[in-house]
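Numbering (our numbering), first residue to last: 172 to 656.
Contents: one structure, followed by commentary.
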């Protein structure tokens, strides 16, 4: 459970009043002074959200400028403006700077919808000559306008204001293609490994930056303004869903034809004695998969789960993989990669690969296969092959699989009612009624000949049914019948 987020205002009306003081009349210096005093009072009581702290810094610089103090201290005023803009940009970018490798500030600002020229001005004010006063004034006005549209209005009217929309996620397919091209060269000629080592490292860093970008693209407004910043004991719980979402998006391209599964059917060569992916695919993709797993320990489990969902989807609607490739070798290759992911889970997950973790995948496969056992498409056959490979060598899992297969054989294969189904039901009903007559003779007939005649009519019960005890007597539903009641 997430703890309540502390805010400096007693009610939302106080924040609304501060917003009106700032934006209602641009030339009302007294109102802006009231806003500065209110924000300063809040800051003395508790830490301000980054948006309000930046608003206070920008307002203070604007007030000093309006009072004509730049005539004497022009350089100090420029530094005040520059510091306010720098703190605004840095405070927005830092919460989104996640991952093992730093991302460019420009790419994060693009996600936030922050004007690119503010990022360039921030860079100039930090590392180059201080920008001119006119440019800094324009930057302050632009920043105040951006804060109104992206913080004040969404906070005051969350239902009527759309959340901050991130830019479309950069596709990861070009990164995977570049990596695959490099590894093909290296696997064909090992002497090229040292020459392309830097290129491979760059591709892996680009991939990690993409994952970091994907982690914050789903709910970027909450991350940017600190609305989801949890306490230290809950940080892992809040981070896991974002990471899993990013890994799912990564698996979408990784599992598509041309990724882990080669496009050419002749390259999908499988060994008969093991349930492993093609050897060429293992040589090409193992460095990338191990790299992602080292930084994201949940990756192998997410990838295996994703493959299982592709092999036996809960809905019968065609998936992207179905439209891209209907060849059974595509699904068989995916199933073998799922086995590889399950067997290579690292750390504490490795112990679960042959225990609870494997049992979870077996249960999922049995459940989804049981929903459409009559469907013998390539994906279903691959799922059955994966189920057999997972259960092999484990007596308990093999027993569960055998029971599942027996139930599938007994189950009707059709999806619609037919004439013969009604005949079977009528036949079973007749057997049940005949059995009931044989064990429940009429109380008016107590002769031996009658009992003998009824005994001759005894027929075997259908499988799964048994006779009730003779002491049973009818009673209302929900009432437990006892010998004393």
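Positions of the beta carbon are idealized from the N, C-alpha and C atoms, including for glycine.
Residue 379 to residue 358 span [Cα, whole Å]: 23 Å
message: Let me confirm a value: residue 462 is counted as buried when at least 16 other C-beta atoms fall within 10 Å, else exposed. Which label applies?
response: buried
query: Would you report the Cα separation of residue 512 and residue 475, rounded to the nearest angstrom?
result: 6 Å
query: CB residue 344 to CB residue 268, shorter than 9 Å?
result: no
field: Proximity winner among 177, 255, 356, 250, relative to residue 219 (alpha-carbon distances)
entry: 177
query: Do residue 251 and residue 301 come within 9 Å of each other at the CB atom, strictly closer than that value?
result: no
message: Assuming the contact rule is C-beta atoms closer than 8 Å, residue 265 and residue 248 should be a hit. Round their C-beta distance to whole Å, please.
response: Wrong, their Cβ atoms sit about 26 Å apart, outside the cutoff.
task: Write down every uninterrupted run of the alpha helix (DSSP H) in the stretch 353-393 whose length is 4 residues or greater and which is fully enclosed by it, in chain order.
output: 368-388
field: Sequence-distant residues of its chain with Cβ nearer than 7 Å to residue 502 (five each side left out)
entry: 482, 549, 550, 553
field: Cα-Cα separation, residue 342 to residue 596
entry: 56 Å
message: I'd like the ranges of any alpha helix (DSSP H) spanning at least 4 consecutive residues and lying wholly in the stretch 275-348.
response: 276-283, 287-298, 304-318, 324-327
- request: Could I get the ranges of all uninterrupted alpha helix (DSSP H) runs contained in the stretch 413-472, with 4 residues as the minimum, in chain order?
  value: 450-466
query: Cβ of residue 222 within 9 Å of Cβ of residue 292?
result: no
task: Can you have a look at residue 650 and say buried or exposed, based on whether 16 or more other CB atoms are within 10 angstroms of its CB?
output: exposed
First and last residue of the uninterrupted alpha helix (DSSP H) at residue 508: 499-514
message: For the pair the stretch 281-288 and the stretch 303-323, tell me if three or more CB-CB distances fall below 8 Å.
response: yes
query: If residue 225 and residue 255 are in contact, beta carbons under 8 Å, what's the gap, nearest whole angstrom?
result: 7 Å
- request: Consult DSSP for residue 247 and reduce its assignment to one of helix, strand or coil.
  value: helix
message: Helix, strand or coil for residue 483? Go by DSSP, reduced to three states.
response: coil
query: Run through DSSP, which three-state label would residue 614 get?
result: Model confidence at residue 614 stands at a pLDDT of 46, short of 50, so the residue's coordinates are unreliable and nothing is read from them.
task: Identify whether residue 192 lies in helix, strand or coil by the three-state DSSP scheme.
output: helix
- request: Quick one: using the 10 Å Cβ neighbour count with 16 as the cut-off for buried, is residue 190 buried or exposed?
  value: buried
message: Could you tell me the alpha carbon to alpha carbon distance between residue 590 and residue 633, rounded to whole angstroms?
response: 20 Å
field: Start and end residues, alpha helix (DSSP H) containing residue 211
entry: 200-216
- request: Compute the Euclidean distance between the alpha carbons of residue 355 and residue 363, then round it to the nearest angstrom.
  value: 10 Å
- prompt: Which whole-angstrom value describes the C-beta separation of residue 426 and residue 499, a residue pair presumed to lie in contact below a C-beta threshold of 8 Å?
  reply: Their Cβ separation, rounded to whole angstroms, is 16 Å, which puts residue 426 and residue 499 out of contact at 8 Å.
message: Pop quiz: residue 507 and residue 447 are said to be a contact at Cβ under 8 Å. What is the actual Cβ separation, rounded to whole angstroms?
response: 6 Å
- prompt: Since residue 557 contacts residue 510 with CB under 8 Å, what's their CB separation in whole angstroms?
  reply: 6 Å
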